[in-house]
Each structure stands twice: as structure tokens, then as C-alpha cells.
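Step one of this worksheet: look at the structure below.
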Amino acid sequence: MFAGGCQLVKDLYPAKQGGDGGGALATAEQLPGVGPDAIADVVSQTSPAVVKISTRINTGGSGNPFADDPFFRQFFGLPQRQREQEGLGSGFIISADGYVLTNEHVVDGADEITVTVNGFDQDLPARVVGADYDLDLALLKLDAGKDLPFLPMGNSDQIRVGNWVIAIGNPYGLDHTVTTGVISAKGRPIAVNDRQYENLLQTDASINPGNSGGPLLNLRGEVVGINTAINAEAQGIGFAIPTSTVARVLEDLKNNVITVRPWIGVQVRSVDEDAVRSLGLDKAEGALVVGVISGSPADKAGFRQGDVIMEFNANKIGNADDLVAAIKACQVSASVNALVVRNKQLRGVTITVVEKPRNIN
Numbered sequence: 157m158f159a160g161g162c163q164l165v166k167d168l169y170p171a172k173q174g175g176d177g178g179g180a181l182a183t184a185e186q187l188p189g190v191g192p193d194a195i196a197d198v199v200s201q202t203s204p205a206v207v208k209i210s211t212r213i214n215t216g217g218s219g220n221p222f223a224d225d226p227f228f229r230q231f232f233g234l235p236q237r238q239r240e241q242e243g244l245g246s247g248f249i250i251s252a253d254g255y256v257l258t259n260e261h262v263v264d265g266a267d268e269i270t271v272t273v274n275g276f277d278q279d280l281p282a283r284v285v286g287a288d289y290d291l292d293l294a295l296l297k298l299d300a301g302k303d304l305p306f307l308p309m310g311n312s313d314q315i316r317v318g319n320w321v322i323a324i325g326n327p328y329g330l331d332h333t334v335t336t337g338v339i340s341a342k343g344r345p346i347a348v349n350d351r352q353y354e355n356l357l358q359t360d361a362s363i364n365p366g367n368s369g370g371p372l373l374n375l376r377g378e379v380v381g382i383n384t385a386i387n388a389e390a391q392g393i394g395f396a397i398p399t400s401t402v403a404r405v406l407e408d409l410k411n412n413v414i415t416v417r418p419w420i421g422v423q424v425r426s427v428d429e430d431a432v433r434s435l436g437l438d439k440a441e442g443a444l445v446v447g448v449i450s451g452s453p454a455d456k457a458g459f460r461q462g463d464v465i466m467e468f469n470a471n472k473i474g475n476a477d478d479l480v481a482a483i484k485a486c487q488v489s490a491s492v493n494a495l496v497v498r499n500k501q502l503r504g505v506t507i508t509v510v511e512k513p514r515n516i517n
């Protein structure tokens, strides 16, 4: 059953006073309790702000400056034809003036990006405003010439394991495909290819190729995650970047800020009730160390798998995102103090923050 009974779908369109009624959602509508149309109503309200992203990468072509000269062709042969690699992904509009959020890997290396927006006869060109490889986030900008529908950002910290969620995207190029499920877990670290994700939401909503960059929504029509990875070896396991992570870097993305990323070399997830029971903790609080990179500052400082970081540089650590924010706020080369719980005992650790190596993803 859906928790909470009646819930509200947020207005996706900018408020309009009078006029021709162009804002189709001038007022919020109440969901019909636990009836069969609850999810369908959320989808109908939110899907206009979900977009399909098409990319094109030029992957070949002749580098011979004499390729067009018939005399030199007898020595070098015919020039190679330029080849194009096409890709598809999803995204969603986050503001009326055309900012679109998606995954960095959806647009990485693209020579051309176009976006299919509901209600437009032709695809719109888009440009990358800012991107963060480590977090797999990219911000695009559309120039639509008018206000666009957009999705409100929810608070992923407030979502609970077992809450219903809705994924909308374009798997295999199929426009606006909807899947549903629940939040299966929070704070999951996972490695996909050469990228190390931290603190992901796990869901059993089906997330397939092409869904990357699309929204994961709660039953109020708010974005709580950005669909970003699937476990190809298992059924019913999908992952999403929580909106709490997006909130930390959104302004940097808008301003295309290239940040030197402070780093200590731990992989962490938020402490959940399972960790509380297995480690004998008092409550679900702190950042649980699930991995320590060999030779890193954390390794040299004596951090171990299973440590729970409760405080870092005088900042209380409530979850994994708190630790990420605390590390980000540090100066490179700074020596800082941390408090960790190990074997039910609180102990202090001193660690030196360094710039994240380029070969660590």
C-alpha cells in the first residue's frame, strides 16, 4: 500500500497569472489515495519534463592534408570516410529556462547533443554547461524560446527503504517508458567500469540502457534520484544518484567550476539499521568505511574497513554525504582530525587531505 494516503503532485510549470491558460498545471491536483491511478497521475504530471538526449561523436576521418589532391591519392589512397557514433540517454528539465540534468557518461565526448522535448516538432540543440566525472553528473542548457515544464527536486535524505518510486526514461530509445518499484537500500557504493560511485540509492524499479540520466521520482512527483547504473548480472537491481549529492554541486555545474577535489582514499556508505545491529552501534549515524585504497592518506592514517566515521575536521558526520561535504571543504595538504568508532570504541585519527589523483575514479 502507498504510505500517506492522499499526496500532492507539485506544479511543474511556472506560475502564470491570467493570460491564455498556457500553464497546463496552474493548480496542484490531489492523488486519489491508493487507487489504481495514483502512479498514472504522477506520470502524466511529470513526463512532459523528461527528455530524450541524443548524442553524436565523430570517430574517424582522414588526417592527410593532401587527401583531396588527385596526384597524392595515388600514394595515399582514398581518404577514410568520417564515421559517427550515436548514443541515447535520458534527462529531465530542472528549471523553466531550460537547464537539463543528466549523467556525465551520457554526453561525455559528444560533438553534437540534441534533446527531444515534449511539445516541440524538432529536437533542440543543447550545450554542456558543466560536468562532474566523479559524480557522473552533467548540466545541459536548452534555448527553447519559451518557459519549459520542469521537475521539483525532492530530499533524498527523507526517503525511506520501502518507499515507492517511479523511473521514467528512454530505454533502448523507447520514449517515456515508465517503471515502478521501491527503494531497496540507501548508501550503496558501487564500481561501474572505471567509475566509483558512492552513496547510491538502490531500487528494484527496472533501469535499462537509455534510462541513464532520467529521474527517479517519489509519489509527490519530486525527483529523489538520477538513474545512473544497472547491475547487468542481476535482475531487479538499479541505482540512482541521490538528490542530496546533486544539491552539493549544482551551483558549481551552473558556473562550470573546475574544482580541485580533496581526497583521503576511503569508500563509504551511510550507516543503516543492518550496520547498527552488526557493529553494535547506538544508532544509524555516521559514514561506514567499506574500503580503503592502498597507499592513500586513509591507509597511512590507519583507517580500516568497518570503521564508522563520526566526526571529520570538527564536522559531525550523520551520513556518507556529510563526510563527502566535509572532505570537500578541506584545503589540500591540510592535516585534520577525525573521530571513528572501531570495536565499539571511539578513537581519534589524524589524516592529511591530498588532491585526488587523476588515475583514481
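So for the sequence shown, this note's numbering puts the first residue at 157; every next one is plus one.
We put the beta carbon where it would ideally sit given N, CA and C, even for glycine.
Since the model is a prediction, treat every value here as computed from it, not as a measurement.
Original post:
So what's Val413 in DSSP terms, helix, strand or just coil?
Top reply: In the structure shown, Val413 sits in coil (DSSP, three-state: anything other than H, G, I, E or B).
Original post:
Nearest CA to the CA of Ala194: which residue from Tyr289, Ile250 and Asn374?
Top reply: Selected option, being the one with the closest Cα: Asn374.
**OP:** Measure the Cβ-Cβ separation of Val492 and Thr508 and say whether it is below 9 Å.
**Re:** A Cβ-Cβ contact shorter than 9 Å links Val492 with Thr508.
Original post:
What's the gap between the Cα of Phe321 and the Cα of Gly337?
Top reply: Residue identity check: residue 321 is Val in the sequence provided, not Phe. Looking at the two C-alpha atoms, the distance is approximately 6 Å.
Original post:
So what's Gln358 in DSSP terms, helix, strand or just coil?
Top reply: When DSSP states are grouped into helix, strand and coil, Gln358 belongs to the strand group.
Original post:
To the nearest angstrom, how far is it from the Cα of His261 to the Cα of Phe468?
Top reply: The straight-line gap from Cα to Cα measures roughly 31 Å.
Subject >> Close Cβ partners of Cys486 (< 7 Å) along its chain, the five nearest in sequence each way excluded >> reply: Once the five neighbours on either side are set aside, the close Cβ partners of Cys486 are Pro418, Asn469, Val492 and Val509.
Original post:
Where do the ends of the alpha helix (DSSP H) carrying Gln522 lie?
Top reply: Nothing can be reported for residue 522, as the shown portion of the chain is limited to 157 through 517.
**OP:** In angstroms with no decimal places, state the Cα-to-Cα distance between Lys500 and Arg460.
**Re:** Going by the C-alpha atoms only, they are around 14 Å apart.
Subject >> Rounded Cβ spacing between Leu298 and Leu280 (contact assumed at less than 8 Å) >> reply: Indeed, because the Cβ distance is near 5 Å, the residues count as touching under 8 Å.
Subject >> Gln201 classed as buried or exposed, judged by whether at least 16 other C-beta atoms fall within 10 angstroms >> reply: Result: buried.
**OP:** Leaving aside the five residues before and after Gly254 along the sequence, list all residues of the same chain whose C-beta is less than 7 Å from its C-beta, in chain order.
**Re:** Only Lys297, Leu298, Asp299, Ala300 and Leu304 meet the Cβ criterion.
**OP:** Go through its chain and collect everything with a Cβ distance to Val199's Cβ below 8 Å, but skip five positions before and after it.
**Re:** Once the five neighbours on either side are set aside, the close Cβ partners of Val199 are Ile322, Ile324 and Val334.
Original post:
Looking at the unbroken beta strand (DSSP E) that takes in Glu242, where does it start and where does it end?
Top reply: Start and end: Glu240 to Ile249.
Original post:
Nearest to Pro204 by alpha carbon, out of Gln278, Ile213 and Ile249?
Top reply: Per the C-alpha coordinates, the member of Gln278, Ile213 and Ile249 positioned closest to Pro204 is Ile249.
Original post:
Looking at the structure shown, is Ala403 part of a helix, part of a strand, or coil, going by DSSP?
Top reply: Under the three-state reduction of DSSP output, Ala403 falls in the helix class.
Original post:
How many angstroms separate the CA atom of Gly532 from the CA atom of Asp264?
Top reply: Because the chain in this structure spans residues 157 to 517, residue 532 falls outside the shown range and cannot be described.
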